[in-house]
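**Q** Right, I'll just put the structure down here and ask away after.
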Amino acid sequence: MTVTVPTRHGRGSGLLMAAPALLLFGLFGLVPLVGVVALSLADWDGLGSIGWAGPANWGSVLTDGATWDALGLTVKVMVVSWLVQTPIALALGVFQAPRGRGRALLSVLFFLPLLLSAVAIGLTWQALLDPSFGIGATPGLHWLAKPLLGSPELALYTVIFVIAWQFVPFHALLYQAGIRQIPTALYEAAALDGAGPVARFVHITLPQLKYTMVTSSTLMLVGSLTYFDLIFVLSGGTGGPGTATRVLPLAMYITGFQSHDMGRASAVATLLVVFGLGLSLLTTRLSGFTRMDSRQEGM
Amino acid sequence: MRGIPVNGNLGSPRIRRLVASAITLTAAMGLAACGTSGPSGSSTDSSGKGLTMWALNDQTILKESVDAYNKDHSDEKITLRLFANDDYKQKLRVAFGANQAPDIFFSWGGGALDDYVKAGKVDALTAAGANTDRFTPSVMRSATFDDKVYGVPANGLAPVVLYYNKKVLSDAGVEPPKTYADLLAAVKKLKGEGVTPLSLAANSKWPTLMYLEYLLDRQGGSEVFSKIASGDTSAWKDASVTQANQYLQDLSKAGAFGDNASSVSYDQGASTALLYTGKAAMEVMGTWEYANIVKAAPDFAKSDLGYTAFPTLSGGAGDPDSIVGNPSNFLSLNSSTKNKDAALTYFKDYVLDDSQVDAYLAAGSVPPVEGLESKLAAVSSSTDKKWLTFVYDLVRKSPSFQLSWDQALPSDQADPLLTNTDKSFLRQISPADFGANMSKAGS
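Protein sequence lines, in the order shown, are assigned to chains A and B.
Position 106 of the first sequence, counted from 1, bears residue number 106 in the working numbering, the numbering being contiguous throughout.
Remember, the working numbering sits 1000 above the position in the second sequence when you count from 1.
Right, dumping it as structure tokens:
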């Protein structure tokens, strides 16, 4: 990677080239955001006129135990998803990286879940996990005939499993691409020095993948913070059993579109934006991603 | 949430940070778009004279009335759009908020319809304009607010009844339960036989609520919920509410619903299937379930399907003949419609007209129309005739027909109601907590 020193001319043309993206972002990112913040100070049931509520929505959202329960579940989904998805995606990426027809075929198969819509995945898994008529009804698989989506203790982990099933292929693809960019010279040199496969993985592959990992983790963490559709479908739109899978985005939806309290829902939405921004800034800062120094200095 | 990873030099740190924040914000802003996506319901066709109408996708007979209307009015047709049950209400609300609502819409009456009425979104109907006098008065109450009628019934009476599998019950040596005590005793015997006593789609939550509605009505009488529905939230703390929850939890503790109820969602049809495949012995459900069973398992419906009123409670203050459920679904008129006359013509001459009544009866559903005795007597299938007479008599002799709570209450209380019902069912809260939580949510 070469480092170009930005000149006055270069910076100007950079802004020009970023203009379309910035414009779209402003229109579809910032304008709705301002709208949501404004709505969070209003009283609106989605039908009648919009009235001024002041900080009342914020007070009731922040003092409501249900909000913090939902946030706790969201953090749990985030952390467990990261812990489950990262090693599997890394392992699959390592497996897929070398060229070969068998690997290519398997890679295509692994990739399939990513092509399906979340609603289709949700309905399919809901049917598969039905204890009476799903895979649990197959001879030999009766141990699966448990209320995986129905028990308050298991439901969240079942949901996390299905999310992983959907997104691991994407992160595996990231790692596969990352591994293919590592110069073979590094591995050859290490092999000459007598490093085995494990040592090469630990001392070459992992350090070289640092930025891929940061990218993947940021997408995973922020993605799970706002993840909604699959959980909505799997829990029948209620975040149940009880409130066992009612993560913050789902709580926001239910407040806004089932209880028709747009003001409170907007306050929750604003909270989510703040958490999401903070989280992504934190990951990029802690990992040194913003410095973006080369992992191949001296090569 | 997926994004495209950006590799390579992105320019100055400030721009990089900006891009990182932009990705995050875009991801987060996906939220703001939730619920507004999907096909928008444009209100009229290009000629400007046509009408749009929204209903649920199981309303195939209602669709025939639209087809009949369209045949006679080819210059101002009604475009009918059908939706799945679980998300219909949200979709309708968003469409009204965005001024993209249909001209004619389908609802359950009650508090949810009253929300629209209060916001001035629905036109009142007159007896002369929509010929509303032909409908059963107790049913019309669900669509009447401040003495004005805001909807016409569009399909059959839907009280909640107890269905049972005759073969499973007789194999276990159990009689169809008449009282709650019978029910508890039957549960013990049926469990011993290895079948699920009561099939329940608890994942959808509203089927669980049906038990609470009946148990409260039987225990405390219909006045308790009438008080709540009229806005007195302290009535949730009535001792009978706690007792009703206690009865529900006792059933659940006794294993009446099996181990898997909270995994079963109603829209997938599994709770119905459990009953006709003999994996479950009984199910408490609305009368629409009869048509589902006939469609899915016609032989079972002929020979092994039994049904009876919800069991009574000895010592309860309520009238044992009272029923709960959905009196009917209603069609209402959007007040901003451009072609009111066409809609009223449809309401007056096509909704539940003679051929519609016949079609509903043939499908095993009793429409809320006065004076049906002669038509009932003329039904040819004896299986259907028995069922239709059962429903007709059940409704006729009932002193009160309570609309489902989640429809009767204002929509901001529906979610707390369903969530607390589920928690009570799962025994995550005590019977007394239910009333306390609900009275807090309502105030």
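We treat Cβ as the ideally placed atom computed from N, Cα and C, and that holds for glycine.
(1) How is Ala-145(A) classed by DSSP in three states: helix, strand or coil?
(2) Taking only beta carbons into account, state which residues of the region 1095-1119 of chain B come closer than 8 Å to chain A, listed in chain order.
(3) Do the CB positions of Lys-1049(B) and Ala-1055(B) come within less than 9 Å of each other?
(4) What number of angstroms, rounded off, separates the C-alpha of Asp-1147(B) from the C-alpha of Phe-1135(B)?
(5) Looking at Asp-64(A): is its Cβ nearer than 9 Å to the Cβ of Ala-53(A)?
(6) Per DSSP, Lys-1148(B) is paired with what?
(7) Run down chain A in chain order and give the residues with a C-beta less than 8 Å from the C-beta of Arg-1093(B).
(8) Quick one: what's Met-1053(B) bridged to in DSSP?
(9) What residue ranges within the region 1396-1430 of chain B form continuous beta strand (DSSP E) runs of no fewer than 3 residues, ordered along the chain?
(10) With a cut-off of 8 Å on the beta carbons, I'd call Ala-164(A) and Val-222(A) a contact; round off their distance for me.
(11) Could you check which residue in Lys-146(A), Gln-181(A) and Met-213(A) has the C-alpha nearest to that of Phe-170(A)?
(12) Just checking: is the beta-carbon of Ala-19(A) within a distance shorter than 9 Å of some beta-carbon in chain B?
(13) Can you tell me whether Glu-1283(B) is buried or exposed, with buried defined as 16 or more other CB within 10 angstroms of its CB?
(14) Using a Cβ-Cβ cutoff of 7 Å, what residues of the region 221-243 of chain A are near chain E? List them in chain order.
(15) Check whether the Cβ of Leu-148(A) lies closer than 9 Å to any Cβ atom in chain B.
(16) Closer than 6 Å by C-beta to Ala-1244(B): which residues in its own chain qualify, once you throw out the five before and the five after it? Chain order, please.
(17) Let me know if Arg-246(A) comes out buried or exposed under the rule of 16 or more other beta-carbons within 10 Å of its beta-carbon.
(18) Just checking my contact of Ala-1201(B) with Ser-1265(B) at CB under 8 Å: how many whole Å lie between their CB atoms?
(19) Does Gln-1413(B) have its Cβ less than 9 Å from a Cβ in chain A?
(20) Under three-state DSSP, which class holds Ser-235(A)?
(21) Mind checking whether Ser-81(A) and Leu-149(A) have CB atoms under 9 Å apart?
(22) When we look at the beta-carbon of Met-262(A) and count the other beta-carbons within 10 Å, is it buried (16 or more) or exposed?
(23) So is Ser-132(A) in contact with chain B if we call contact Cβ pairs under 9 Å?
(24) Could you list which residues in chain A have their beta carbon closer than 7 Å to that of Asn-1260(B), in chain order?
(25) Nearest-angstrom Cα distance between Phe-1401(B) and Tyr-1150(B)?
(26) Measuring alpha carbon to alpha carbon, tell me which residue in Pro-20(A), Ser-287(A), Gly-46(A) and Gly-237(A) is nearest Ser-1411(B).
(27) Which residues, in order along the region 1235-1266 of chain B, keep a beta-carbon less than 8 Å from a beta-carbon of chain A?
(28) Taking the beta carbon of Leu-141(A) as the centre, do at least 16 other beta carbons fall within 10 Å, making it buried, or is it exposed?
(29) Going by the DSSP bridge assignment, what does Ile-1323(B) pair with across the sheet?
(30) For Asn-1334(B), which of helix, strand or coil comes out of DSSP?
(31) Select from the region 1289-1322 of chain B all residues with a C-beta closer than 7 Å to any C-beta belonging to chain A, and list them in chain order.
(32) Hey, quick one: how far does the beta strand (DSSP E) through Glu-1283(B) stretch, first residue to last?
(33) Expressed to the nearest angstrom, what Euclidean distance is found between the alpha-carbon atoms of Gly-256(A) and Pro-139(A)?
(34) From Val-1394(B) to Ile-1323(B), what does the alpha carbon distance come to, in whole angstroms?
(35) Is the Cβ-Cβ distance between Ala-1408(B) and Ser-1222(B) less than 9 Å?
(36) Buried or exposed for Gly-1258(B), please, with buried defined as at least 16 other CB atoms from any protein chain shown within 10 angstroms of its CB.
**A** Quick answer:
(1) coil
(2) Phe-1096, Gly-1097, Asp-1115, Tyr-1116, Lys-1118 and Ala-1119
(3) no
(4) One alpha carbon belongs to Asp-1147(B), the other to Phe-1135(B), and they sit about 16 Å apart.
(5) no
(6) Phe-1145(B)
(7) Gly-46, Leu-47, Phe-257 and His-260
(8) Leu-1080(B) and Ile-1104(B)
(9) 1401-1403
(10) About 16 Å; that fails the 8 Å criterion.
(11) Residue Met-213(A) is the option with its Cα nearest to Phe-170(A).
(12) It does not; no Cβ of chain B falls within 9 Å.
(13) buried
(14) No chain E is part of this structure, whose protein chains are labelled A and B.
(15) Chain B contact via Cβ: present.
(16) Leu-1212, Leu-1215, Leu-1216 and Gln-1219
(17) Around the beta carbon of Arg-246(A), 16 or more other beta carbons sit within 10 angstroms, so the residue counts as buried.
(18) 6 Å
(19) yes
(20) In this structure, Ser-235(A) counts as coil in the three-state DSSP scheme.
(21) no
(22) buried
(23) yes
(24) Pro-131, Ser-132, Pro-147 and Gly-150
(25) Going from the Cα of Phe-1401(B) to the Cα of Tyr-1150(B) covers about 19 Å.
(26) Gly-46(A)
(27) Asp-1259, Asn-1260, Ala-1261, Ser-1262, Ser-1263, Val-1264 and Ser-1265
(28) exposed
(29) Phe-1401(B)
(30) strand
(31) none
(32) 1280-1286
(33) Between the alpha carbons of Gly-256(A) and Pro-139(A) lies a gap of roughly 44 Å.
(34) The displayed chain sequence assigns Leu, not Val, to residue 1394(B). Looking at the two C-alpha atoms, the distance is approximately 8 Å.
(35) no
(36) buried
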